[in-house]
Amino acid sequence: MSAPARALDVLARTVAPLVLAILGSAVVLLALGANPWAFYADVLRFSLTGEGWQQTLTAMAPLLLISLGLIVSFRAQLWNLGYGGTYLLSAAVVAGVAPAVFAFLPYGAATLLLLVLAAGVGLILALIPASLKAWFGTNEVITSLMTSFVAASLANLLVKGPFQDPSVSVPQTRVLDLEFMLAYVPGTRVHLGVVLAFALVILMHVMLTRSSFGTRIDVLGLNPRAAAHAGIHVPRMTVAVFVVSGALIGLAGAIDMLGLWGYMRTDWNPGYGDKILPFVFLARLNPLGSVPLVGVYAVLATGGTLAAQRAGISVDLLTLLVALVLFFMVIVEYLAARHSVGRSYLPRGIFKAVRA
Amino acid sequence: MNEAMLTAFVVAALAAAMPLLLTAIGETVGEQSGVLNIGLEGLMLVGAYASFAVTLASGSFTLGFLCGAVAGAALSSLMALLAVRLRASQIVVGIGLTLAGTGLTSMLYDASYADTRPHLPPPTPVPIGPLDAIPVLGPALSTQPTAFYLTWVMLGFASLWLHHTGPGLRLRAAGQRPEALAAVGGRVLRLRVGAVLFGGATAGLGGTYLALVSAGTFTPGMTHGLGFLAIVVAMLGRGRMLAVGGIALVYGIFVAIGTALQLTTIELSNDVITMAPFVVVLIVLAAIGLKRTRGGQEARPALPPALATPYPPGD
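Line by line, the protein sequences give chains A and B.
Heads up: the first sequence runs through residues 1 to 356, numbered per the working numbering.
Heads up: the second sequence runs through residues 357 to 671, numbered per the working numbering.
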């Protein structure tokens with residue numbers, strides 16, 4: 001297949017699941033007595049026009065960082081499923097200590113410290129499944145998932161305990177003063193964390209596609225035994241991949257707290273990781289490729305929340321839509337691979353075994 | 357504590373343990389066949405919603421339980437098709453099942469019951485005759501519905517089937533060495549599809565028990581991670597059904613202790629109770645890993661070797 005034909009093929013395989021999922025959700029909307037045409041028009045209107053595009057860009061910041069964390073680990077065929085709890089615990093720690101840190105340190109130093117702290121929380125959490133995998137070969141799917149639940153409970157405990165704002169009756173952390181939040185890009189209401197997220201996307205893209213570290217990750221993902229024969233220290237590489245992945249996801253928690261929310265409540269969970277996961281695979285685990293696809297989800301999430309309210313339906317339609325994207329992706333990729341008698345362009349993660 | 361309080365304690369422990377137990381039975385069978393279904397949360401919610409809607413409309417708990425099982429099996433057929441047949445990643449499909457189940461039931465609830473928030477009457481308990489006279493346990497058992505006893509019967513049958521029948525052994529072979537099973541004419545995919553659908557049905561039943569018996573109503577996201585706990589229970593049970601039953605009961609007792617302590621001055625946060633099983637499983641997995649690498653007595657492997665690998669392997 002020629003290069004342009006191949007590009008067109010990949011594009012079609014990427015767009016088809018999205019279109020099918022949007023159509024499928026339209027059927028659900030019709031069944032619930034809502035007007036799908038008006039709903040999707042609202043989605044675009046609220047997410048792109050007026051102030052909407054700035055909200056959409058802001059929503060992309062944590063999503064991009066979590067995508068990067070997933071991409072790094074999935075490229076190495078390591079399933080870091082700890083994203084949910086990692087995000088929450090990092091966010092809780094940052095929201096909890098931020099008021100005190102800003103009281104003692106100048107703004108710049110405090111912000112930097114909090115970002116490092118969040119990445120550190122993510123890193124430490126990732127070390128649990130990473131070291132069990134590296135030393136004992138324990139299946140990281142289970143251990144990262146378990147770590148995630150422990151972290152989510154710890155986040156709740158912290159917010160109800162040491163980090164709780166005593167002046168409010170509901171358990172939540174102290175609301176960060178606006179002057180301490182991340183600054184806006186001049187002339188917009190988009191905070192600098194968004195810029196940082198985009199910068200990290202480029203950095204990670206270069207690292208994964210142009211550095212020896214990136215090559216080693218890909219070799220590890222293709223075949224760990226071959227990687228060992230090629231002189232790659234597999235356990236060390238496993239830990240390195242998990243650590244980078246965890247730190248990026250932790251960073252997402254800090255940026256979301258310092259840039260957007262300013263405080264953390266108990267039992268609050270935006271569930272970013274689960275919802276962004278299908279889009280990360282659609283981007284074929286390519287950091288630059290994930291930008292437009294994360295953008296699509298950000299548009300749906302930002303516009304969809306208001307559009308659902310206006311249509312009188314639950315915002316969980318978006319969760320269903322994401323699930324449909326995932327299912328259609330698997331089916332389209334399977335059919336396309338069979339049709340062209342070529343191998344799937346989809347990263348091996350989807351169709352390859354999880355190593356025990 | 358007086359006897360009435362102890363009875364209430366036992367009832368609370370059983371109410372917490374049974375949905376987990378039902379779900380873990382199917383997950384154990386699935387894991388033994390080599391399929392790790394991490395979409396149980398979605399399957400439970402679908403079962404819970406379907407059974408709630410049906411029982412509310414028809415007044416029949418039996419019909420509710422049937423529909424809950426069918427709904428769970430129906431959604432899990434996606435796992436059977438996409439992961440077992442088309443060999444997509446079980447993890448990715450499992451996450452999709454959780455998303456689909458959560459999204460679908462929350463939307464349907466919002467559209468039908470959000471304003472009225474209906475509740476169900478408790479199901480009729482099975483009369484237990486003279487056993488009622490046993491202190492504490494008697495009064496507690498006398499409030500249990502048919503589903504309670506059927507669950508334990510199912511546990512017993514599943515245990516016998518898995519370890520003492522031909523198909524059961526073949527199913528475990530599919531999780532241990534699928535290529536060896538295939539070489540002697542076993543049908544790996546058919547066994548795995550069956551295990552997935554059975555797991556979907558019991559997860560649906562687990563959700564049904566939660567909605568119809570334990571809670572008496574449906575609320576969006578009411579499983580709160582119970583589906584993931586069922587994976588833990590199945591994993592800790594390592595294919596032994598009686599252990600699965602025991603672990604589920606221990607979990608129920610802990611939940612009941614947590615609830616009881618809230619009546620006293622001792623504060624034990626719900627989060628500690630939620631967190632504990634996950635910490636335990638991490639420690640156990642680490643201990644098993646340590647034992648194996650130390651080269652000591654060959655430990656019973658924590659997980660079937662072919663778990664979460666598609667068959668046939670390769671690209």
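Beta carbons: idealized from backbone N, C-alpha and C, even for Gly.
Nearest-angstrom Cβ-Cβ length linking residue i and residue j, presumed shorter than 8 angstroms
| i | j | result |
| --- | --- | --- |
| A:A152 | A:L88 | 5 angstroms |
| B:L547 | B:S389 | 6 angstroms |
| A:T173 | A:A95 | 4 angstroms |
| B:V588 | B:P633 | 5 angstroms |
| B:T350 | B:H475 | The displayed coordinates of chain B run from 357 to 671. Any statement about residue 350 of chain B would go beyond what the structure contains. |
| B:G561 | B:G398 | Checking the sequence, you will find Leu at residue 561 of chain B rather than Gly. Rounded, the Cβ-Cβ distance is 15 angstroms, inconsistent with contact. |
| A:L293 | A:F279 | 4 angstroms |
| A:R75 | A:D274 | So it is not a contact: roughly 19 angstroms between Cβ atoms. |
Exposure label - residue i; buried when at least 16 CB within 10 Å
| i | result |
| --- | --- |
| B:P668 | exposed |
| A:D177 | exposed |
| A:L335 | exposed |
| A:N139 | buried |
| A:L358 | Within the shown structure, residues of chain A are numbered from 1 to 356, placing residue 358 of chain A beyond reach of any answer. |
| A:T14 | buried |
| B:W508 | exposed |
| A:D256 | buried |
| B:M597 | buried |
| B:P660 | buried |
| A:F163 | buried |
| B:V391 | buried |
| B:P477 | exposed |
| A:W79 | buried |
| B:A371 | buried |
| A:P4 | exposed |
| B:D671 | Only weak support exists for where B:D671 lies, its pLDDT of 47 falling under 50; the coordinates are left without a value. |
| A:R210 | exposed |
| B:L516 | exposed |
| B:D466 | buried |
| B:I679 | Residue numbering for chain B in the displayed model covers 357 to 671; residue 679 of chain B lies beyond these limits and cannot be assessed. |
| A:V341 | Its pLDDT being 47, under 50, A:V341 is placed unreliably in this model, and the coordinates cannot settle the point. |
| A:P166 | exposed |
| B:L663 | buried |
| B:N393 | buried |
| A:H191 | buried |
| A:I202 | exposed |
| B:D488 | exposed |
| A:I66 | buried |
| A:R6 | exposed |
| A:H233 | exposed |
| A:Q77 | buried |
| B:P666 | buried |
Proximity test, residue i beta-carbon vs the ligand GTP heavy atom, cut-off 6 angstroms
| i | result |
| --- | --- |
| A:G84 | Ligands are entirely absent from the displayed structure, and the ligand GTP is therefore not among its contents. |
Near-chain B residues of the segment 33-52 of chain A (beta-carbon distance less than 7 angstroms), N- to C-terminal order: none
Measuring CB atoms only, is the segment 440-448 of chain B touching the segment 312-332 of chain A, in the sense that at least three cross pairs come out at less than 8 angstroms? yes
Just list the alpha helix (DSSP H) runs in the segment 378-433 of chain B, keeping only unbroken ones of 4 residues or longer that don't cross its boundaries, in chain order. 396-414
Using a Cβ-Cβ cut-off of less than 8 angstroms, give me the residues of the segment 141-157 of chain A that come near chain B, in sequence order. V141, I142, T143, L145, M146, T147, F149, V150, S153, L154, N156 and L157
Select from the segment 128-140 of chain A all residues with a C-beta closer than 8 angstroms to any C-beta belonging to chain B, and list them in chain order. I128, L132, W135, F136, G137, T138 and N139
Using a Cβ-Cβ cutoff of 9 angstroms, what residues of the segment 454-476 of chain B are near chain A? List them in chain order. T454, L455, A456, G457, T458, G459, L460, T461, S462, M463, L464, Y465, D466, A467 and A470
Quick one: any contact between the segment 234-243 of chain A and the segment 50-69 of chain A, if contact means 3 or more CB pairs under 8 angstroms? no
Alpha helix (DSSP H) runs contained entirely in the segment 518-542 of chain B, provided each spans 4 or more residues: 522-532 and 534-539
Counting Cβ pairs closer than 8 angstroms, one from the segment 573-581 of chain B and one from the segment 402-413 of chain B, do we hit at least three? yes
Give a yes or no on contact between the segment 310-322 of chain A and the segment 58-67 of chain A, applying the rule of three or more CB pairs nearer than 8 angstroms. no
Mind checking the segment 594-618 of chain B against chain A and listing, in chain order, the residues whose C-beta falls within less than 7 angstroms of any C-beta there? none
For a minimum of 4 consecutive residues, which ranges assigned as the alpha helix (DSSP H) are wholly contained in the segment 570-656 of chain B? 582-593, 597-617 and 626-649
For the segment 306-326 of chain A, which residues have a CB atom closer than 7 angstroms to at least one CB atom of chain B, in sequence order? I313, S314, D316, L317, T319, L320, V322, A323 and L326
Should the segment 244-253 of chain A be regarded as contacting the segment 115-135 of chain A, the criterion being three or more beta carbon pairs within less than 8 angstroms? yes
To be precise: take each residue of the segment 393-427 of chain B, compare its Cβ to all Cβ atoms of chain A, and keep it if any distance is under 9 angstroms. Which residues remain? I394 and G398
Residues, ordered as in the chain, of the segment 571-595 of chain B that lie near chain A by beta-carbon distance below 8 angstroms: P576, G581, F584, I587, V588 and M591
At a CB distance below 8 angstroms, what residues from the segment 242-276 of chain A approach chain B? Give them in sequence order. D274 and K275
Under 9 angstroms, CB to CB, which of the residues in the segment 84-114 of chain A have a partner in chain B? none
Any beta strand (DSSP E) of 3 or more consecutive residues that is wholly inside the segment 137-209 of chain A: none
Flag this pair as touching only if the segment 133-147 of chain A and the segment 257-277 of chain A have three or more C-beta atom pairs under 8 angstroms; answer yes or no. no
Would you say the segment 29-44 of chain A touches the segment 299-312 of chain A, given that touching needs at least three Cβ pairs under 8 angstroms? yes
Identify each residue in the segment 542-561 of chain B for which the Cβ-Cβ distance to at least one residue of chain A is less than 9 angstroms, and report them in chain order. none
Contained alpha helix (DSSP H) runs [length at least 4] in the segment 9-94 of chain A, N- to C-terminal order: 36-48 and 52-75
For the segment 603-621 of chain B and the segment 362-370 of chain B, state whether three or more C-beta atom pairs, one from each stretch, are separated by less than 8 angstroms. yes
Please list, in chain order, the residues of the segment 157-177 of chain A that have any C-beta partner in chain B closer than 9 angstroms. L157, K160 and G161
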